[in-house]
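J.:
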Amino acid sequence: MTERRILVTSALPYANGHIHLGHLVEYLQTDIWVRFQKLLGRRCVYVCADDTHGTAIMIRARQEGRTEEALIADMQAAHIRDFAAFDIEFDHYGSTHSPANRELCAIFWDGLLKAGLVSEREVTQLYDPVAGTFLADRFVKGTCPRCKSKDQYGDSCEKCHSTYAPTDLIDPVSTISGATPEVRAANHLFINTEQMRPFLVEWTQTADHLYPDVAKWLDAAFLSEPLRDWDVSRPAPYFGFEIPGAPGQYWYVWFDAPIGYVAATKEWCARTGEEFADWWRSDKTDVHHFIGKDITYFHTLFWPVMLKAAGFNLPRMVHIHGFLTVNGEKMSKSKGTFVRAATYLEHLDPACLRYYYASKLTPKLDDLDMNLEEFAAKVNSDLVGKVVNLASRTARFVEGTGLAAKYPDDGGLFAHAAAAASEIAAAYEACDYNRAMRLVMALADRANKYVEDREPWNLRKKAESAAELQAVCTVALNLFRQLVVYLAPVLPRLARQTGELLNRPIRRWDEAQTPLAGTKVNRFERLMDRIEADRVKAMIESSREDAPTAPSQQPTTAASAPAAPAAADGPDALAAEPLAGTISFDEFAKADLRVARVVAAEEVPKSKKLLRLTLSLGGDERRNVFAGIKEAYTPEQLVGRLVICVANLAPRKMTFGMSEGMVVAAGPGGSEIYLLSPDPGAVPGQRIH
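Take the sequence shown: its letters are residues 1 to 689, numbered as in our numbering.
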């Protein structure tokens, strides 16, 4: 039987900025999953590349007085350095500005042409006569045509949240040169995705390629109505690949970026002697994409159409994660929470971040909050206080004698932890790292109790207890090694250090099933330091005002896009809304508050404030709820999120339909609304007590 192959990708980091803590959510999530697969002995290859094309790169290169090629080469080197420092291990890391990607773009394009999916029509755009380029939405500012707010971008207003075309702006100005743009027409090429609707419905709705909530969102938000054609070309000047047979037109960056996954694989195959067809044209290969939730529609609608037309493997699974916040707020350069990877490395151990992210990540679209106090406390308690502590308190006592020749009786501790391997493995496989870490730490608690009860530091004081001391240390070090095997996907450096300490490299998952005996124990070297508050503070201070400010012409990657900020503490909020009068416990108990998941969200036509939410309360229980949160949240931000629902509120007939409950939120209103969510682990239907 032919061995199955697993090909894994992460979304390509854009070459217009450095890697920061938000980006690392995705790459660490992916790296942990890949390392787990390899630890099981599976054939798994992880490829990625820099996303290098587009107007933003072209403009930045002009501003810096160098070529686009020089700019992207420097940024790629910086990205590779940062990833390596965090032990993110790619089998191949390429660039979308490569001969392989150009060649594959032509192959994909030919497939789309042969399928009759390409059409051409004229598009009216704003043009900068000084810079000599058409302006993407983010390179033009002006007065909002709706509320007349000044200094608004060309696609939407930050004040009234209206969306519009750049040509609708009043008194538009190019952010590149300051010139007044001209309205010019140019031909663009489009892909007809509506023609592929039957295929997309089948692929997204009838198999487990996507999380159920994502499939429902796609059906409600896109597939329930005709799909719009996708504009896949940009006129010159543009940094990218010119389209064969269309002089002066270039593939849009979002067209050639995902093809970079395929190109990186092709380059890896050329380097290793592998057959390219085995990895992208074989039913023996499973392709897994890891992405952020804000680029879901690119990877679940456009990309499958491109793959289908060109005859390449469709993804077996698209794993989607939420956004990163820090201390409950979006990352901020003024507050110092917009932290570059390189800045973090100047102050803290990358293993700490790997573990903390793992402890927070679940197979859901919930956002991940990095609370800095919790970060330090969790690492200090779990890694230093529980895991490393097992080795630091026992290894020195057997440096000369080594482990006992026969594994001692430990009261069933090793066997109990060995039996947990399948449950921990299932959590890793499902990307439920939060559960995996909780299971491992429960085992660590049992192991530490054993050491506390046996007190090896007292046994070493008695010559007659030498054999007992060696037995206790043998058990403790084997339990430590067992934990490290389970943590190896998350903490590869600790796994290497443990192999060196106990003279047995950790290479396979099943090594947690058999204890070591009679092996030499090398000199103990410090494995991990506590996180001190002053080092976290120093990292934040050095990050203030240290965020990239260059505009990007493409959607923010999910790894870097923050969720809505939380309201600040203080007396002002209380003064604005004084506490209500007291009620009895029985009165409060009448409100049935339940955990619910948003399975669909959509704007309500003609309403400036309302969104229509479909909530799941578990099982088949669904509620249609209208929420006045449109100014604070987009539908895309809400799908998959856990919320608190007042489940027994009497249905209320509204102009737009029947509202069957209420979601709980804080804030004065308008754009300052903050939905309340339970901690990870809560499930729809649970009652709030």
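Ideal placement from N, C-alpha and C gives every residue a C-beta, glycine not left out.
Given the structure is predicted, the values throughout are model-derived calculations rather than measurements.
Identify the residues that DSSP records as bridge partners of residue 20: which are they?
T.: Answer is 340, bridged to residue 20.
J.: Leaving out five residues on either side along the sequence, give the residues of the same chain with a beta carbon under 7 Å from the beta carbon of residue 358.
T.: Excluding residues within five positions, the ones whose Cβ falls inside 7 Å are 32, 433, 437, 490.
J.: In terms of alpha-carbon separation, which member of 4, 679, 638, 593 lies closest to residue 283?
T.: Minimum Cα distance to residue 283 is reached at 4.
J.: According to DSSP, is residue 223 part of a helix, a strand, or is it coil?
T.: Three-state DSSP puts residue 223 in a helix.
J.: Give every residue of the same chain whose Cβ lies closer than 8 Å to the Cβ of residue 186, excluding the five residues on either side of it in the sequence, and list them in chain order.
T.: The answer, listed in chain order, is 122, 123, 125, 134, 235.
J.: Output the distance between the C-alpha atoms of residue 621 and residue 615, rounded to the nearest integer angstrom.
T.: If I take the Cα positions, the gap works out to 8 Å.
J.: What is the DSSP secondary structure of residue 130, reduced to helix, strand or coil?
T.: Of the three classes helix, strand and coil, the one that applies to residue 130 here is coil, per DSSP.
J.: What's the gap between the Cα of residue 205 and the Cα of residue 223?
T.: Cα-Cα distance, rounded: 10 Å.
J.: To the nearest angstrom, how far is the alpha carbon of residue 75 from that of residue 375?
T.: Each residue's Cα considered, the two are about 29 Å apart.
J.: Leaving out the 5 sequence neighbours to the left and right, which residues in its chain are closer than 8 Å to residue 399 when beta-carbon positions are compared?
T.: 521, 522, 523, 524, listed in sequence order.
J.: The beta strand (DSSP E) that contains residue 251, what's its start and end?
T.: Residue 251 -> beta strand (DSSP E) spans 249–251.
J.: Determine the extent of the beta strand (DSSP E) in which residue 409 is found, giving its start and end residues.
T.: Here residue 409 belongs to no beta strand (DSSP E), and DSSP marks it neither H nor E.
J.: Where does residue 525 fall in DSSP's three states?
T.: Looking at residue 525 - three-state DSSP - the assignment turns out to be coil, as it is neither helix nor strand.
J.: Buried or exposed, going by whether 16 or more other CB atoms sit within 10 Å of the CB of residue 228?
T.: Under this definition residue 228 is an exposed residue.
J.: In angstroms, rounded to a whole number, what distance separates the CA positions of residue 209 and residue 590?
T.: So the alpha carbons of these two residues sit roughly 41 Å apart.
J.: Since residue 368 sits in a beta bridge, which residues does DSSP pair it with?
T.: Per DSSP, 324.
J.: Report the three-state DSSP secondary structure of residue 547 (helix, strand or coil).
T.: Since pLDDT at residue 547 reaches only 38, below the 50 mark, its modelled position is unreliable, and the value read off the structure follows with that caveat. Coil at residue 547, not helix or strand.
J.: With distances taken from CA atoms, which of 355, 466, 537 is nearest residue 346?
T.: Selected option, being the one with the closest Cα: 537.
J.: Provide the residue span of the beta strand (DSSP E) that contains residue 213, from first to last.
T.: Here residue 213 belongs to no beta strand (DSSP E); instead the alpha helix (DSSP H) covers 212–218.
J.: Could you give the distance in angstroms between the alpha-carbon of residue 543 and the alpha-carbon of residue 34?
T.: In a straight line, the C-alpha of residue 543 is about 31 Å away from that of residue 34.
J.: Span of the beta strand (DSSP E) holding residue 289?
T.: Element bounds for residue 289: 285–292.
J.: Let me know the secondary structure DSSP gives residue 238 once reduced to three states.
T.: Three-state result, residue 238: coil.
J.: Could you spell out the range, first to last residue, of the beta strand (DSSP E) harbouring residue 603?
T.: 593–603 is the extent of the beta strand (DSSP E) around residue 603.
J.: Could you tell me whether the region 277–293 touches the region 387–404, where touching means 3 or more Cβ pairs closer than 8 Å?
T.: Not touching, per the Cβ criterion.
J.: Closer than 7 Å by C-beta to residue 470: which residues in its own chain qualify, once you throw out the five before and the five after it? Chain order, please.
T.: Around residue 470: 398, 401, 404.
J.: Would you list the residues sitting across from residue 152 in a DSSP beta bridge?
T.: In DSSP, residue 152 forms a bridge with 142.
J.: Any idea what DSSP makes of residue 490, helix, strand or coil?
T.: Coil.
J.: I need the boundaries of the alpha helix (DSSP H) containing residue 192, first residue and last residue.
T.: That residue, residue 192, is in no alpha helix (DSSP H); it is neither H nor E in DSSP.
J.: Let me know if residue 182 comes out buried or exposed under the rule of 16 or more other beta-carbons within 10 Å of its beta-carbon.
T.: Under this definition residue 182 is an exposed residue.
J.: Secondary structure at residue 359, three-state DSSP: helix, strand or coil?
T.: Residue 359 falls in the helix class under three-state DSSP.
J.: Short of 6 Å in beta carbon distance, which residues of its chain neighbour residue 21, apart from the five on each side in sequence? Order them along the chain.
T.: Hits under 6 Å: 339.
J.: Out of curiosity, what's the CA-to-CA distance linking residue 71 and residue 63?
T.: If you take the alpha carbons of residue 71 and residue 63, they lie about 11 Å apart.
J.: Give the DSSP-derived three-state secondary structure of residue 125 in the structure shown.
T.: DSSP places residue 125 in strand when its eight states are reduced to three.
J.: Excluding the 5 residues preceding and the 5 following residue 627 in the sequence, name in chain order all residues of the same chain whose CB lies nearer than 6 Å to its CB.
T.: Same-chain partners within the cutoff: 611, 613, 663.
J.: Given a cut-off of 8 Å on the beta-carbon distance, is the pair residue 9 and residue 256 in contact?
T.: It is not a contact, given that the beta carbons lie outside the stated cut-off.
J.: Can you tell me which residues form a DSSP beta bridge with residue 93?
T.: Beta-bridge pairing links residue 93 to 48.
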